[in-house]
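Protein chains in written order, with the working numbering: chain A, 1 to 225; chain B, 226 to 320. Read the structure below first, then the notes.
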């Protein structure tokens with residue numbers, strides 16, 4: 001049976017179609033999920049895509065976090081279902097408290113859009129097992145509120161437990177603490193990432209195809225589970 | 226109708242680049258002597274019923290779970306006296 005990976009569309013989601021395309025290119029079946037529908041339609045994993053859900057009103061991800069579909073996703077994520085939050089999706093995961101810390105306004109105050117070099121720090125999560133630890137990749141990054149912050153003891157715990165998934169290399173585009181671009185929960189099934197691997201899956205449209213590994217990783221994870 | 230005001234501010238240890246940008250702009254406009262600026266949010270909640278302890282407890286809960294992200298923000302809740310007169314608008318070149 002084909003692996004089914006759900007991609008949630010919130011009002012204001014932007015990269016849901018690209019995420020679906022990346023899922024398809026990785027060999028899985030993308031399933032469109034709607035924010036008002038609690039039913040996950042038998043998906044094996046979920047991607048929360050980038051964009052500006054609910055216009056980023058109140059705080060990025062703050063309103064989406066209380067949408068019906070998130071109730072089920074939070075419940076299933078706690079039971080081990082793989083969930084990848086990209087950009088706005090990362091913000092939703094932090095607002096949901098599935099991941100610690102928060103994403104705040106870039107220190108430069110500018111919206112930043114660039115091809116960004118990252119180092120994969122943890123290649124053991126559900127979404128990074130097709131990479132090797134220390135591997136450097138280049139994927140697009142585009143955010144206005146991508147500055148990862150957390151208090152000192154949370155940062156220490158993330159480092160000590162190997163829960164920093166990816167770090168910015170050469171340039172820290174938004175002032176994130178400790179150059180953090182992505183983190184995971186303790187179980188390794190929930191990953192939040194500020195840059196956009198779904199925009200780097202084909203040579204025609206991406207700077208590289210380095211992003212595909214996130215989507216092939218979860219397939220392997222699910223087949224071996 | 227009773228009004229409850231919830232003020233939300235970034236915690237002191239969280240960098241506030243918007244406040245900094247405002248602070249940097251002030252001297253250029255001739256407003257000197259301002260040592261620091263922090264920017265926050267103000268929510269005005271109009272209650273249907275009376276402002277009793279139960280209502281305030283619910284509003285604190287809303288502030289804690291929704292209006293503020295307590296990972297990065299602090300909030301205060303206060304009751305505002307009912308305003309009877311409509312505040313006069315700033316005199317301008319109304320057309």
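Cβ coordinates follow ideal geometry from the N, Cα and C atoms, glycine included. The structure displayed is predicted, hence computed values, not measured ones.
Asked                                                                                                                                                                            : Found
Is there a Cβ from chain B that is less than 8 Å from the Cβ of residue 109 of chain A?                                                                                          : yes
Does the beta-carbon of residue 317 of chain B have 16 or more other beta-carbons within 10 angstroms, so that it is buried, or is it exposed?                                   : For residue 317 of chain B, the pLDDT reaches just 46, beneath the cut-off of 50, and the residue's location in the model is therefore unreliable, although a value from the coordinates is still provided. By the 10 Å Cβ count, residue 317 of chain B comes out exposed.
Quick one: give me the first and last residue of the alpha helix (DSSP H) that residue 246 of chain B is part of.                                                                : 242-253
Apart from the five residues on each side of it in sequence, which residues of its chain come closer than 7 Å, Cβ to Cβ, to residue 298 of chain B?                              : 233, 234, 235 and 236
To the nearest whole angstrom, what separates the beta carbons of residue 149 of chain A and residue 102 of chain A, a pair I think is in contact under 8 Å?                     : 6 Å
Mind checking which residues open and close the beta strand (DSSP E) that includes residue 270 of chain B?                                                                       : 265-272
Please name the residue, chosen from A/11, A/88 and A/167, that lies closest to residue 120 of chain A on a Cα-to-Cα basis.                                                      : A/167
By how many angstroms is the C-alpha of residue 179 of chain A removed from the C-alpha of residue 172 of chain A?                                                               : 6 Å
Quick one: what's residue 234 of chain B bridged to in DSSP?                                                                                                                     : B/265 and B/299
Under 8 Å, Cβ to Cβ, is there at least one residue of chain A near residue 270 of chain B?                                                                                       : no
What does residue 208 of chain A touch in chain B if you count any residue whose Cβ is under 8 Å from its own?                                                                   : Correct list: empty, because the minimum Cβ distance to chain B is about 30 Å.
So residue 148 of chain A is in the beta strand (DSSP E); what residue range does that whole segment cover?                                                                      : 147-149
Roughly how many whole angstroms lie between the Cα atoms of residue 221 of chain A and residue 81 of chain A?                                                                   : 11 Å
Using a 10 Å radius around the Cβ and a threshold of 16 neighbouring Cβ atoms, would you call residue 108 of chain A buried or exposed?                                          : exposed
Thinking C-alpha only, which one of B/302, B/306, B/296 and B/301 is nearest residue 238 of chain B?                                                                             : B/296
Specify the secondary structure class of residue 45 of chain A as computed by DSSP and reduced to three states.                                                                  : strand
Taking DSSP's pairing of strands, which residues face residue 168 of chain A in a bridge?                                                                                        : A/118
Helix, strand or coil, according to DSSP, for residue 142 of chain A in the structure here?                                                                                      : strand
Kindly identify the DSSP beta-bridge partner or partners of residue 137 of chain A.                                                                                              : A/118
Does residue 15 of chain A pass the burial test, meaning 16 or more other C-beta atoms within 10 Å, or should it be called exposed?                                              : buried
In whole angstroms, what separates the C-alpha of residue 66 of chain A from that of residue 29 of chain A?                                                                      : 26 Å
Against chain A, does residue 296 of chain B count as a neighbour if the rule is that its beta carbon must be under 8 Å from one of theirs?                                      : yes
Cα separation between residue 273 of chain B and residue 188 of chain A?                                                                                                         : 46 Å
Could you please give the first and the last residue of the uninterrupted beta strand (DSSP E) stretch that includes residue 30 of chain A?                                      : 29-34
My output table needs one value for residue 193 of chain A: the three-state DSSP class, helix, strand or coil.                                                                   : strand
Looking only at its chain, what residues have a beta carbon closer than 7 Å to the beta carbon of residue 114 of chain A, apart from the 5 residues adjacent to it on each side? : 141 and 173
So the alpha helix (DSSP H) residue 213 of chain A belongs to, where does it begin and stop?                                                                                     : 212-224
Buried or exposed for residue 41 of chain A, please, with buried defined as at least 16 other CB atoms from any protein chain shown within 10 angstroms of its CB.               : exposed
Tell me the start and end of each unbroken beta strand (DSSP E) in the stretch 33-116 of chain A that is at least 3 residues and wholly inside, in chain order.                  : 45-48, 83-86 and 102-104
Only counting the same chain, and skipping five residues up and downstream in sequence, which positions put a Cβ closer than 8 Å to that of residue 111 of chain A?              : 142, 143 and 144
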